[in-house]
Structures are given as C-alpha cells and as structure tokens.
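For the sequence shown, the residue numbers in our numbering are 1 to 413. Idealized CB from N, CA, C, for every residue including glycine.
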Amino acid sequence: MTHLHTEAATGTKSRSRPRAALPALCATQITSWGIVYYAFPVLLPHLTADTGWSTSAATAAFSAALLVSAVAGIPVGRILDRRGPRTVMTAGSLLAVAALLTIAAAPNFYVFAAGWLLAGVAMAATFYQPAFAALTRWWGPDRIRALTIVTLAGGLASTVFAPLTALLADHLSWRTTYVVLAIILAAVTIPAHALALRAPWPPAPQAATPPNRTPIARSRPFLLLVLAFTCSGFAMYAVVFGMVALMIERGATPSTAAWALGLGGAGQTLGRTLYATLSRTTSVTTRTAVLFTAGGATTLALALVPGPIPLLILLAVLAGVVRGNLTLLQATAVSDRWGTTNYGRLSGLLIAPATVAAAVAPWVGAALAERMGGYDGLFLVLAVGSALAAVLALASGPRTASGASRAEPSRGH
Numbered sequence: 001m002t003h004l005h006t007e008a009a010t011g012t013k014s015r016s017r018p019r020a021a022l023p024a025l026c027a028t029q030i031t032s033w034g035i036v037y038y039a040f041p042v043l044l045p046h047l048t049a050d051t052g053w054s055t056s057a058a059t060a061a062f063s064a065a066l067l068v069s070a071v072a073g074i075p076v077g078r079i080l081d082r083r084g085p086r087t088v089m090t091a092g093s094l095l096a097v098a099a100l101l102t103i104a105a106a107p108n109f110y111v112f113a114a115g116w117l118l119a120g121v122a123m124a125a126t127f128y129q130p131a132f133a134a135l136t137r138w139w140g141p142d143r144i145r146a147l148t149i150v151t152l153a154g155g156l157a158s159t160v161f162a163p164l165t166a167l168l169a170d171h172l173s174w175r176t177t178y179v180v181l182a183i184i185l186a187a188v189t190i191p192a193h194a195l196a197l198r199a200p201w202p203p204a205p206q207a208a209t210p211p212n213r214t215p216i217a218r219s220r221p222f223l224l225l226v227l228a229f230t231c232s233g234f235a236m237y238a239v240v241f242g243m244v245a246l247m248i249e250r251g252a253t254p255s256t257a258a259w260a261l262g263l264g265g266a267g268q269t270l271g272r273t274l275y276a277t278l279s280r281t282t283s284v285t286t287r288t289a290v291l292f293t294a295g296g297a298t299t300l301a302l303a304l305v306p307g308p309i310p311l312l313i314l315l316a317v318l319a320g321v322v323r324g325n326l327t328l329l330q331a332t333a334v335s336d337r338w339g340t341t342n343y344g345r346l347s348g349l350l351i352a353p354a355t356v357a358a359a360v361a362p363w364v365g366a367a368l369a370e371r372m373g374g375y376d377g378l379f380l381v382l383a384v385g386s387a388l389a390a391v392l393a394l395a396s397g398p399r400t401a402s403g404a405s406r407a408e409p410s411r412g413h
C-alpha cells in the first residue's frame, strides 16, 4: 500500500473534520440505501400485481435508475473534488424524495420510469460514493476507520428497511408505502446533509505530473481493475436481487425470503468489522483477489445446496459478509493504490462500469434464470463471473517484486 506524505499536510488534521459528519452519514446511508434501493425488490410483487406491469418492465425502470447513477457519478465526483459533499448530498436527498413521490403517484408506466430516472441522479449524489469522497478527504490516513464505521451502518439498510417495507406493504398499498418511506427519507437525510457537512473542504494533496507517464485512468492496472470490479459488481447485485427468488424456489415463504435478504445485510455489517485486519495483513492485490474469490464461493454454495432453509439463510449471511468487505474494498481501491488526489473523479471512473453492470444485473439475471429453468443455474454462472474478477484483480497487480507497475499518486491523472 502506498502512503502519501502530502496527505499529512492537507485535509487530514482532525480539526478540519466536522464532528457531526460521521454519525450523520451513518444515518443517511442506512436510510438512503434502505428506502431508495432495498425497498424496491420487496414492493415489486405488490406493484406488478396492482398495476399489471410486467416484472421485467418494472425491473427495467429500476435498472435504468442505476444506469443513470453510473453516468451521473462521474460529474458528481468532479464536483465533490472541488466543492465538497454538502451541496451535492443535500440536493440529492431533495431529488430522492421528489423521485419517490413521483413513483408513488405515477398514473402510468412512463411516469413511473421517469421517477426512477430522477432517482438515479439522486443515487449518484447520496449513496456511498459521495460519502466515501467526503470521508477520504476529511479523515486522510485514518480513512479506513471512518469508512468502516459508515459502511457498518450502511450494511444495516436492508436489515432495517426490507422487513419494515414488508410490514408496511402488508397494511398499506405499495403507493402509500412509498409515500411513508419518502417522508422518512426527507426527515432523516435532508437536515443531516445540510447541517452536518458544513466543515471547510480541505484542498486535495497537490501531485506533480512527471512527463511521459501514462495517466492513471488509462493505465493497465486501472483498466484491469475496472474490468474486475465490473465482473464482481454484476455477480454481486444479481445475487442480491435473485436471493428472494432463489429462496422461494427452494420452498421458503416470501416473508422468510425477505428476512434472508435482510439478514444478509446484517452479514455485511459483520464482514466490515473484519476489513481493517484484512487490510493490515494483506497487500491490496491479494485481498482484492481473495474477496472476489470468496464471493464466488458463497454464490456457488447457494447454487448447489438445496436446503434446508436455515442452511440457505446461513449461506445468505456469509454472502453478506463478503459483500460487506467488497464495499470497503471499493471505497479504498483508488486511495490504496494512487492516493487521494482526484479521488472523486478516479473513483467515479472506476466504479461507473460496475454500476452499469449492477444496473443490468437484475434484468439480465431474471432473463438468464428464466432461460436456464431456475436460479440455481444463474448462480452457477455468477460464481464463474466472480472467479474471473479474481483473475483480473491478480493481473492488475505489480509485475515486479518492487511493485513498479503500481501507479503512484503523483504520476498523472
């Protein structure tokens, strides 16, 4: 891991950190992910039964939101590098509330889809990436601790909101459920982002650009890492969205399947407590490959183990443990290799293809499962995708004992 001396001089002293930022971002990540993201798979059967829209069409609208999020994440990252997170995340929260109310009131599928496109912009401005950029700049060398705390909280999003959404849907229509969730989202995230992220935005470490160096974003290690995260992202999110259907195929009730998804979120929280130790004891390339491999192993187990249901729930929790580590791996992928200069932009470029893959994963996964006669075959394919990600991660590492292929933060962006 490369440590920058320049970071110590800019934006890393504790006095520059807003005291309320860390607890505020914990609360807003739980709420934003839980409502804007995890509520959808729980409400999907209710909204398709009520509207007559096909599952594939409704899922395509949600996937379009993730595609918009991927595209919007790049300019959002540039704004974050220059201006900081307060305006971006507050505006994103306002837009998220407006998007959910549009979805809830949609008189036809076109308005429903438009609401999700708005939600995609809100995701780019409120989900992990802007929070990671804020914590990376404010906390500097201590960023892993701050990132771990926020992602520990964020891992509870499905644990809290999947069961809550199911409970609301048992007593209210899906439209009213979204209105209630939008009110909760507004009450938690808008004031938290507006009031807690007011600290001065420290300048980024200044990096010299030596001549004749390949810009990081076009370098071999960066491009291979992009491919690795893309393969892993597709597999991971297809597993998340296929989990409920897989459990139901194996004989679980919809309620039990929703709880399995929620407990997977608890597994994410558990996994994130392990990342700091993993970071201290492994090289960045090794832990990237190990975590991608572990993701493939849990997916393979879910594909091959027919039951009983408690064992499948345990496997879902283990898969969540791996996902929790992968979130922190993503958060530190740029800073561990190339430092924090232009973190927002480079991180946006790194994750954008993975976000696109995550966007199409629910739709492509459902289509593949239908063609393959069930979700066990789909999960086998996804396990192969994770294995490919591990191979690409190894290939992205240093090619010499001295680590010469690792791009230094000063070698041009």
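Look at residue i and residue j and say whether their C-beta atoms are less than 7 Å apart.
i	j	result
A395	L156	no
A358	G233	yes
L147	A331	yes
T126	S255	no
T151	R143	no
A393	A228	yes
A303	F379	yes
T51	P362	no
L95	V71	no
A182	L101	yes
Any idea if residue i is buried or exposed, counting beta-carbon neighbours within 10 angstroms, 16 or more meaning buried?
i	result
A289	buried
V239	buried
H193	buried
A390	buried
D170	exposed
N108	exposed
R272	buried
What's the gap between the Cα of residue i and the Cα of residue j?
i	j	result
V244	L312	11 Å
W139	R17	7 Å
T165	V284	38 Å
V111	F62	13 Å
F222	A105	43 Å
Y275	S386	19 Å
S417	A196	No statement about residue 417 is possible, as the shown extent of the chain runs from 1 to 413 and does not include it.
R198	Y38	29 Å
L117	A64	6 Å
P211	V334	In this prediction, P211 has a pLDDT of 45, which is less than 50 and means its spatial position is unreliable; nothing more can be read from the coordinates.
S56	P200	45 Å
C26	I184	15 Å
A208	G73	In this predicted model, A208 has a pLDDT of only 44, less than 50, meaning its place in the structure is not dependable enough to derive any value.
V179	T189	15 Å
R19	V88	19 Å
G262	A294	20 Å
May I ask you to report which of helix, strand or coil DSSP gives residue i?
i	result
S396	coil
L167	helix
R323	helix
N212	Any reading at N212 must be qualified, since the residue scores a pLDDT of 45, below 50, and its modelled position is unreliable; the value itself is stated next. Here N212 sits in coil by DSSP.
L311	helix
A199	coil
F120	Going by the sequence as given, residue 120 is Gly instead of Phe. Helix, per DSSP.
L47	helix
L274	coil
F127	coil
Y38	coil
P353	helix
Any beta carbon of chain C sitting closer than 7 Å to that of residue i?
i	result
L350	Absent from the structure is chain C; it holds one protein chain and no more.
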